Amino acid sequence: QMWEEAIALGKELAEQYENEMFDYEQLSELLRKQAQFYENIVKVIRPKPDYFAVGYYGQGFPTFIRNKVFIYRGKEYERREDFEARLLTQFPNAEKMKTTSPPGDDIKNSSGQYIQCFTVKPKLDLPSKFHRPVSEQIVSFYRVNEVQRFEYSRPVRKGEKNPDNEFANMWIERTIYVTAYKLPGILRWFEVKSVFMVEISPLENAIETMQLTNDKINNMVQQHLNDPNLPINPLSMLLNGIVDPAVMGGFTNYEKAFFTEKYMHEHPEDHDKIEKLKDLIAWQIPFLAEGIRIHGEKVTEALRPFHERMEACFRQLKDKVEKQYGVRAVLSSLDDRRGSRPRSMVRSFTMPSSSRPLSVASVSSISSDSTPSRPGSDGFVLEPLLPKKMHSRSQDKLDKDDLDKDKKEKKKEKRNSKHQEIFDKEFKSTDISLQQSEAVILSETISPLRPQRPKSQVINVMSSERRFSVSPSPPSSQVTPPPITPRTKLSFSIQSNLELNGMSSSDIPDVPPPLPLKGSMADYGNLMESQDLISPTTSPPAHQRVSP
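According to the UniProt record's numbering, the sequence shown holds residues 1 to 548 in order.
If you want it as structure tokens, here you go:
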């Protein structure tokens, strides 16, 4: 489960596949594995093994381990007792030492075998790439992996014993072990190359303990924010042990030991450290408040009385701390950890309209440009293509806000009004060329979903009504747009009494004018059919029909 190491090796392989071997199939497979590894890092909870310091003392051991200390990495969920039993099976004649202090020369020079074993804590050595705060799920790997420094703390009492408060004179003797290589490596154990010891004063120990407690609360709150399905029991035990410390007494022991006039008078150099401890106590309140809020959301009815008691204790604690040490507020760190909307989702919500895929109705409106498809084309765009438009709007499934819907309706109305305005402008104009009028007549196509009108009816309508005449006329007699009629194609017939291209029936000569230049004869399909239905005298001569 060391996915971080697998990702590093995968990047080396990806470089070979992409730039040296050009094996894109292997590269794609490798990148899929890396994606799964990254997901595992964030979502899978990995067990944290313990580390043990083992000293082999006495002349009875082999020379390569004699009077040396090694750091072992235990197995998953392995306790110290189980590890010791496994270790003693290799040396059945060895004697286990009862103390954790370094042995004297008499034991080292004896002919027997003495094994000393105790648990050590790995010291976090975070890589330099993490230059900003990151998720605890990511950092947790480096707390027990790629570690080379280990520490063991042993309490030591100095001065007179205080029966009322044991924290006042409790010093910490901390031993630091540095191994030859980082653990884990090719082996699960490495020799200790250097050892040094430091002493920590009672006040420094209190500061360190408060810092660790705050970090623990903060990390657990972050875990529950990232994964709401986590069990609530560890959070309950942690919060209750801090808010209602029935046994240890909480940080009130620190107040009795260090926040007194006597201690400040005897240790004036610790003034800054005392202020730091007060600040840590004050900062614990907002972390506890967030933890209790999450606990209240997830608590069951059976544990509701327990939660209410914890809330009552927290209110008393909060009033006391804020009154003595001030109010602290977490501005945005906890809000950021709750997880923001993914970038892909944000991009889909904020995508500009110009980059969105156009619906069928939008394409038809834009393709019409300034030339209307036919009179009343705004209704033509909306009615027959409405099902297609609804189908093509799958991109906007995520837009569920009423405000966005209103904007879309306004855009639709604006587009339709613009289309109507273009139509009015074109049909009220007196300067329309022959090509424009023919484009309207000959290129008009409507959705075939509408029923086709019989040809006889078309002829009667065209002979009785002159709605499609584009001849110039005085402003007072402008032609009004005809209503929408359900037909598949518009068929036009040229009759002697029909005004066309600005000429009345009396002005039409015996021989009709030649047709305009066109790319193919297929463009005159409708016109030819209409001409066959009318009197033969109105059709152009053969030589004029064949060649433009």
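We treat Cβ as the ideally placed atom computed from N, Cα and C, and that holds for glycine.
As the structure is a prediction and not an experimental result, all values here were calculated from the model.
Cβ neighbours of residue i in the same chain (closer than 6 Å, five flanking residues each side left out)
i	result
V198	R174
K298	I232
M210	L280
S189	With the sequence shown as reference, residue 189 is identified as Trp, and Ser is not the correct amino acid for it. Excluding sequence neighbours, W189 sits near F70, Y72.
K11	none
M97	Y114, Q116
V156	W171, E173
K182	E146, Q148
K318	I285
Y152	V120, T175
T300	none
One or two residues paired with residue i in a DSSP bridge
i	result
S194	V178
Y57	Y114
P155	I172
E95	Y114
K75	DSSP lists no partner for K75.
V147	L183
W3	Bridge partners of W3: none, in fact.
I200	I172
V120	Y51
For residue j and residue i, believed in contact at Cβ under 8 Å, the rounded distance
i	j	result
F150	I71	6 Å
I1	R46	Here the sequence assigns Gln to residue 1, which means Ile is not the residue at that position. About 5 Å separates the two Cβ atoms, so the contact holds.
Q223	L230	6 Å
G58	S111	7 Å
V243	L303	Actually they do not touch by this definition, with Cβ atoms about 15 Å apart.
L30	L13	6 Å
P202	N169	6 Å
Chain-order list of residues whose beta-carbon lies under 7 Å from that of residue i (same chain, five-residue window excluded)
i	result
Y254	F167, A206, L277
D23	Y17
K68	Y56, E191
S473	The predicted model places S473 with a pLDDT of 45, which falls under 50 and marks its position as unreliable, so this point remains unresolved.
P122	Y51, R143, V144, V147, F150
W3	F37, N40, I41
E76	P47, P49
P352	Confidence at P352 is low in this model, with a pLDDT of 38, below 50, so the placement of that residue is unreliable and no value is reported for it.
H307	H295, G296, V299
Spatial neighbours of residue i in its chain, beta-carbon cut-off 8 Å, leaving aside the 5 residues before and after
i	result
K193	V178, T179, A180
F259	I274, K278
M220	P234, L235, L238, G291
G326	A282
I65	Y56
F196	T175, I176
N165	N253, K256, A257
D125	Y142, E146, V147, Q148, R149
I294	V221, H224, L225, L235
S135	V42, Q222, N226, R337
L27	A14, Y17, E18
V139	L124, L126, F130
N240	F306, M310
Cβ of residue i within 9 Å of any chain D Cβ
i	result
E20	Absent from the structure: chain D. Only one protein chain is present.
Distance cut-off 8 Å: residue i Cβ against heavy atoms of the ligand MG
i	result
P155	The ligand content of the structure shown is nil, which means the ligand MG is not present either.
request  = Give a yes or no on contact between the stretch 51 to 67 and the stretch 117 to 131, applying the rule of three or more CB pairs nearer than 8 Å.
outcome  = yes
Check whether the stretch 159 to 169 and the stretch 85 to 105 touch, using three or more Cβ-Cβ pairs below 8 Å as the test.
The stretch 159 to 169 is not in contact with the stretch 85 to 105.
Which whole runs of the beta strand (DSSP E) in the stretch 15 to 72 are 3 residues long or more, in chain order?
-> Runs found: 51 to 57.
Report task. Decide yes or no for the touch test of the stretch 212 to 223 against the stretch 98 to 112: beta carbon pairs closer than 8 Å, at least 3 of them. Result -> no
| field | Segments of 4+ residues assigned as alpha helix (DSSP H) that fall wholly inside the stretch 249 to 326 | value | Note on the stretch 249 to 326: whole alpha helix (DSSP H) runs with a minimum of 4 residues are 252 to 258, 261 to 266, 271 to 298, 304 to 325, in chain order.
Quiz item: Counting Cβ pairs, one atom from each stretch, are 3 or more of them under 8 Å apart for the stretch 304 to 317 and the stretch 263 to 272?
Solution: Contact fails: fewer than three Cβ-Cβ distances are below 8 Å.
Open item on the list: Tell me whether the stretch 34 to 48 and the stretch 1 to 13 touch, counting them as touching only if at least three CB pairs, one residue from each stretch, are closer than 8 Å.
Closed with: Three or more Cβ pairs drawn from the stretch 34 to 48 and the stretch 1 to 13 lie within less than 8 Å of each other, which places the two stretches in contact.
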